[in-house]
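Colleague:
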Amino acid sequence: MLAMQAAAPPAKVAASVRRIFGGEATTSLSVVGSDTVLRVARNDSLLGFAVVRSVKGKDQPITFLVAIDSADRLRDIDILVYREPYGGEVAYESWRRQFRGKSATDTLEVGRQIRSISGATISVNAVTMGVRRALADLTAWHRDGMIR
Amino acid sequence: MGRPTPLLVLATALLAAVTQIGASQESTTVGGYGELHYTNTSGPNTPASVNFRRFVLYLSHSFDDRLTFRSELEVEDAKIEGGEAGGEVALEQAFLDYRLTDRLTLRTGLVLPPTGIINETHEPPTFNGVERPAFDHDVIPTTWRELGIGIWGTLPLAEGLSYRLYLVNGLKASGFSGEEGIRGGRQSGREATFANPSFTGRLEWARPGLRVGGSFWYGGSSAGDTLLASGTFVVPVTMLSADARYDRAGFAARGVLGTISVSDADTINALYGAAVGSRIAGGYIEAGYNLLYRLAPRSKQMLTAFARYEHFDTHAEVPAGTPRNPEFARRITTLGLTYKPTWNTAFKGDYEVRRTAAGGGLGDVETLRFGVGYQF
Numbered sequence: 041m042l043a044m045q046a047a048a049p050p051a052k053v054a055a056s057v058r059r060i061f062g063g064e065a066t067t068s069l070s071v072v073g074s075d076t077v078l079r080v081a082r083n084d085s086l087l088g089f090a091v092v093r094s095v096k097g098k099d100q101p102i103t104f105l106v107a108i109d110s111a112d113r114l115r116d117i118d119i120l121v122y123r124e125p126y127g128g129e130v131a132y133e134s135w136r137r138q139f140r141g142k143s144a145t146d147t148l149e150v151g152r153q154i155r156s157i158s159g160a161t162i163s164v165n166a167v168t169m170g171v172r173r174a175l176a177d178l179t180a181w182h183r184d185g186m187i188r
Numbered sequence: 019m020g021r022p023t024p025l026l027v028l029a030t031a032l033l034a035a036v037t038q039i040g041a042s043q044e045s046t047t048v049g050g051y052g053e054l055h056y057t058n059t060s061g062p063n064t065p066a067s068v069n070f071r072r073f074v075l076y077l078s079h080s081f082d083d084r085l086t087f088r089s090e091l092e093v094e095d096a097k098i099e100g101g102e103a104g105g106e107v108a109l110e111q112a113f114l115d116y117r118l119t120d121r122l123t124l125r126t127g128l129v130l131p132p133t134g135i136i137n138e139t140h141e142p143p144t145f146n147g148v149e150r151p152a153f154d155h156d157v158i159p160t161t162w163r164e165l166g167i168g169i170w171g172t173l174p175l176a177e178g179l180s181y182r183l184y185l186v187n188g189l190k191a192s193g194f195s196g197e198e199g200i201r202g203g204r205q206s207g208r209e210a211t212f213a214n215p216s217f218t219g220r221l222e223w224a225r226p227g228l229r230v231g232g233s234f235w236y237g238g239s240s241a242g243d244t245l246l247a248s249g250t251f252v253v254p255v256t257m258l259s260a261d262a263r264y265d266r267a268g269f270a271a272r273g274v275l276g277t278i279s280v281s282d283a284d285t286i287n288a289l290y291g292a293a294v295g296s297r298i299a300g301g302y303i304e305a306g307y308n309l310l311y312r313l314a315p316r317s318k319q320m321l322t323a324f325a326r327y328e329h330f331d332t333h334a335e336v337p338a339g340t341p342r343n344p345e346f347a348r349r350i351t352t353l354g355l356t357y358k359p360t361w362n363t364a365f366k367g368d369y370e371v372r373r374t375a376a377g378g379g380l381g382d383v384e385t386l387r388f389g390v391g392y393q394f
């Protein structure tokens, strides 16, 4: 379950940001280390931040987006590109919604706070780990003023 | 929904440029799974045995973002030696996947008929019990693989709905038996006859904690033996099965039902001197509870106590002229523990009680098993 680099089509990233923050949202970019963070705002007021990352599933990268609000609570996640044969259920609303409202201090463990999906164990564990890290990073960067 | 602002478009284009690095690079993944078993069966002249049951190497290669090769190479029973029985080196699966869209992927190669639970998901940490359920040996003949071509993906009708549909080579009726049904009729990709192209597929619905599916197999099994019959869909074998997996708050349950009809069992038995049933049917149900769920709420480890009940008969129906063998009507109860220090390793122990409708026959045995399994 390594972090991996893989592409998401720009249109999917744009659609995901619109879905999560609404159609009026505008974004600007800043680079933090190897990540590009999207700052999302509407009429000068900060709505939150988002980052696109990939984790390794069984053999393919799973590319996902994690968005937080201005108070560092997880707004939503999106699976942007899923390439594996089994486990695509991690893209479903019924699984993704478990992450909403979580913050970096929350425990996110599969089988506890995050329900697993039988037959999708590898993807569930990989994405949960990826989301946990992205949430922790975004929160730390925001707290430290690296994104503002 | 509002139109994307120019800024958003610009921003995402830039983001894409940043994340594009390395996107189309080829990559190879190595993995594997395995299991070793200790088995001690009741009765005289059945000393305990230990066996490295399966050692499987998983190898996959992505040629680009859409085209991937996936394979499993298996060594059974640790060693094969010329002139000696036992052991096997075999391709367990090997196919190319070409992802056309998010909903549709083409697949060709040595594929697994998507029947029941175990045939496709057979890594030892994914199931309770040292051995796979006996049902997944004598009714659904796992690991079942055949050569063919097909499609898989998700359906837009409802979230969670997915499908697989393959056209593969048929079974070979000359290998069918009374005790193990269609198991001996698998061709497993080895110089297989394509006299009876067969269809197999699955429709599945999943959400967190629940997965239900229905599968089928349909095709002839004459394998070109004109003494048996001539034609493509002759000596047809039809399989229907349904399965479900559920888990919530430390509790997990699963079950499978299956029925296979072998329409011309009488002809098969007459020609090959076999005792194949005209219907093979049964199922199992299993429930388990992770004892650590409440005892150690902070632990990622699992200690699952489980019970499984199997009931199946490879002579559920017999053709005229074939006497029904009550030894083939089996009821198997398994009680055991599965300890998983991580989600992909398992230490197992269980006790199995096997009874047949013959009552007190050779088939009535108890077996104690321990096992270790892993996947990565």
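Protein chains in written order, with my numbering: chain A, 41 to 188; chain B, 19 to 394. Cβ coordinates follow ideal geometry from the N, Cα and C atoms, glycine included.
What does the alpha-carbon distance come out to for the pair R182 of chain B and Y116 of chain B?
Modeller: Looking up residue 182 of chain B in the second sequence gives position 164. Looking up residue 116 of chain B in the second sequence gives position 98. Straight-line Cα distance between these residues: approximately 14 Å.
Colleague: Could you tell me the distance, in whole angstroms, from the CA atom of I119 of chain A to the CA atom of F104 of chain A?
Modeller: Residue mapping note: residue 119 of chain A aligns to position 79 of the first sequence, counting from 1. Residue mapping note: residue 104 of chain A aligns to position 64 of the first sequence, counting from 1. If you take the alpha carbons of I119 of chain A and F104 of chain A, they lie about 4 Å apart.
Colleague: Tell me whether the beta-carbon of V80 of chain A lies closer than 8 Å to the beta-carbon of L87 of chain A.
Modeller: Counting from 1 along the first sequence, the entry for residue 80 of chain A is found at position 40. Counting from 1 along the first sequence, the entry for residue 87 of chain A is found at position 47. Cβ atoms of V80 of chain A and L87 of chain A: closer than 8 Å.
Colleague: Since W223 of chain B is in the beta strand (DSSP E), which residue starts that stretch and which ends it?
Modeller: Walking along the second sequence from the start, residue 223 of chain B turns up at place 205. Per DSSP, W223 of chain B belongs to the beta strand (DSSP E) from S216 to R225.
Colleague: Any C-beta of chain A sitting closer than 8 Å to the C-beta of P226 of chain B?
Modeller: Residue 226 of chain B sits at position 208 when you count from the first residue of the second sequence. Output row for P226 of chain B: interface = yes.
Colleague: Under the three-state reduction of DSSP, which class applies to H333 of chain B: helix, strand or coil?
Modeller: Translated into the one-based positions of the second sequence, residue 333 of chain B becomes position 315. Three-state result, H333 of chain B: strand.
Colleague: Could you give the uninterrupted runs of the beta strand (DSSP E) lying entirely in the stretch 61-124 of chain A, keeping only those of 3 residues or more?
Modeller: Listed in chain order, they are 66-72, 75-82, 85-96, 101-109 and 114-121.
Colleague: Can you give the Cα-Cα distance for H140 of chain B and G249 of chain B, rounded to whole angstroms?
Modeller: The sequence position of residue 140 of chain B within the second sequence is 122, counting from 1. The sequence position of residue 249 of chain B within the second sequence is 231, counting from 1. Their backbone Cα atoms lie some 35 Å apart in a straight line.
Colleague: In chain A, what lies closer than 8 Å to T263 of chain B by C-beta?
Modeller: Against the second sequence, residue 263 of chain B aligns to sequence position 245. Per the sequence presented here, residue 263 of chain B reads as Arg, with Thr not at that position. Neighbours of R263 of chain B on chain A, chain order: S158 and G159.
Colleague: Any beta carbon of chain A sitting closer than 8 Å to that of E110 of chain B?
Modeller: Taking the second sequence and counting its residues from 1, the one referred to as residue 110 of chain B is at position 92. Chain A contact via Cβ: absent.
Colleague: Using three-state DSSP, classify M257 of chain B as helix, strand or coil.
Modeller: Reading the second sequence from its first residue, position 239 is the one you call residue 257 of chain B. Reduced to three states, the DSSP call for M257 of chain B is strand.
Colleague: Quick one, which residues of the stretch 112-137 of chain B are near chain A if we go by CB-CB under 9 Å, in chain order?
Modeller: Answer set for the stretch 112-137 of chain B: D115, R117, D120, T123, R125 and I135.
Colleague: Measure the C-alpha to C-alpha separation of L118 of chain B and Y290 of chain B and round it to an integer number of angstroms.
Modeller: In the second sequence, counting from the first residue as 1, residue 118 of chain B sits at position 100. In the second sequence, counting from the first residue as 1, residue 290 of chain B sits at position 272. L118 of chain B and Y290 of chain B: Cα-Cα distance of roughly 45 Å.
Colleague: In the DSSP assignment, find the unbroken alpha helix (DSSP H) run with D177 of chain A in it and report its ends.
Modeller: Taking the first sequence and counting its residues from 1, the one referred to as residue 177 of chain A is at position 137. Its alpha helix (DSSP H) spans residues T161 to R183.
Colleague: Skipping 5 residues on each side, what residues in its chain have a beta carbon closer than 7 Å to that of A41 of chain B?
Modeller: Numbered from 1 along the second sequence, position 23 holds the residue referred to as residue 41 of chain B. Its pLDDT being 49, under 50, A41 of chain B is placed unreliably in this model, and the value from its coordinates should be taken loosely. Within the same chain, A41 of chain B has close Cβ partners D83.
Colleague: Where do the N-terminal and C-terminal ends of the alpha helix (DSSP H) with F394 of chain B fall, by residue?
Modeller: Residue mapping note: residue 394 of chain B aligns to position 376 of the second sequence, counting from 1. First-last for F394 of chain B: undefined, no H or E at that position.
Colleague: For the beta strand (DSSP E) that H79 of chain B lies in, which residues bound it at each end?
Modeller: To locate residue 79 of chain B, count along the second sequence from 1; it is residue 61. S67 to S80 is the span of the beta strand (DSSP E), which, as asked, contains H79 of chain B.
Colleague: For V106 of chain A, count neighbouring Cβ atoms within 10 angstroms of its own Cβ and tell me buried if that reaches 16, exposed if not.
Modeller: As a first step, residue 106 of chain A is located in the first sequence; it is residue number 66 there, counting from the start. The residue is buried, with at least 16 neighbouring Cβ atoms inside 10 Å.
Colleague: In terms of residue numbering, what span does the alpha helix (DSSP H) encompassing Y311 of chain B cover?
Modeller: One-based indexing of the second sequence puts residue 311 of chain B at position 293. Y311 of chain B -> alpha helix (DSSP H) spans L310 to L313.
Colleague: Could you spell out the range, first to last residue, of the alpha helix (DSSP H) harbouring T144 of chain B?
Modeller: Within the second sequence, numbered from 1, the residue matching residue 144 of chain B stands at position 126. Taken as a continuous stretch (DSSP letters only), T144 of chain B belongs to no alpha helix (DSSP H), as it is neither H nor E.
Colleague: Considering just the uninterrupted stretch of the alpha helix (DSSP H) at D284 of chain B, what are its terminal residues?
Modeller: As a first step, residue 284 of chain B is located in the second sequence; it is residue number 266 there, counting from the start. Unbroken alpha helix (DSSP H) run through D284 of chain B: A283 to Y290.
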